[in-house]
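Contents: one structure, followed by commentary.
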Amino acid sequence: MRKNPRLISLMAALLIGLCLYASSAWAEGSSPAQVVKDFTKAYYMLEPSMADFLSEDALINENDVNMVELYLRLQENDAYNRGYQTSYLQMKPILIKTTVLSMDDASAQIQINATTIRSINPLYRIVGYVFCILEEHEVEDTISLVKEDGAWKIAPGAFDLPI
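In my numbering, the protein residues as written are 319 to 481.
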């Protein structure tokens, strides 16, 4: 059985590329920019997992009220008052870009620019583009982060979360 040198070199290049990608993805996993991206996705999709990204001060206010539960309840009431289900208010962030404005060992400021679209149904995006009915909303905000227990967490005041 003959070994093709091109196939071996192609496989070696793919393996090296995969290793480099995995190491860069692992290194970025705990960066402030990645925390902001993950929080933004959970926030706009109205997922309770957004609480995992919030610091203690941002999660619980001085009256011991959970801000994520309060925000989700407010969104649920808003959807009900408008005659929709809560899932109608979910927005899918696409084209997320982050810029580190300042960063030190304990805090960081990240500017985020994103485009959000309504996340009703996966086919809605395709049909929306075809029939030009898809509404895109631009999001631009500066988010403060603090290092808490060795991990980056979102500080109070991110997006429209109640304070």
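C-beta atoms are modelled at their ideal positions from N, C-alpha and C, and glycine is treated no differently.
Nearest Cα to P474 within the set S373, I414, I438 and P440: S373. Between the C-alpha atoms of I451 and A376 there is a straight-line separation of about 36 Å.
As the crow flies, the alpha-carbon of M363 is around 8 Å from that of S437.
In the displayed model, Q393 falls within a helix according to three-state DSSP. Going by DSSP, D459 is part of the beta strand (DSSP E) stretching over E454 to E466. Secondary structure at N399: helix, using DSSP grouped into helix, strand and coil. By the criterion of a C-beta distance shorter than 8 Å, L407 is surrounded in its chain by L364, Q393, D396 and A397, once the five residues flanking it on both sides are discounted.
In the displayed model, L364 falls within coil according to three-state DSSP, outside both helix and strand. Scanning S405, G446 and I461 for the CA closest to the CA of I430 turns up I461.
Following the DSSP letters along the chain, one finds A432 inside the beta strand (DSSP E) bounded by residues S425 to R436. According to DSSP, residue pairing for S349 in a beta bridge does not occur. Taking a 10 Å sphere around the C-beta of P440, we find fewer than 16 other C-beta atoms and assign the residue as exposed. Annotation for I414: the continuous beta strand (DSSP E) segment containing it runs M409 to M421. When DSSP states are grouped into helix, strand and coil, I326 belongs to the helix group.
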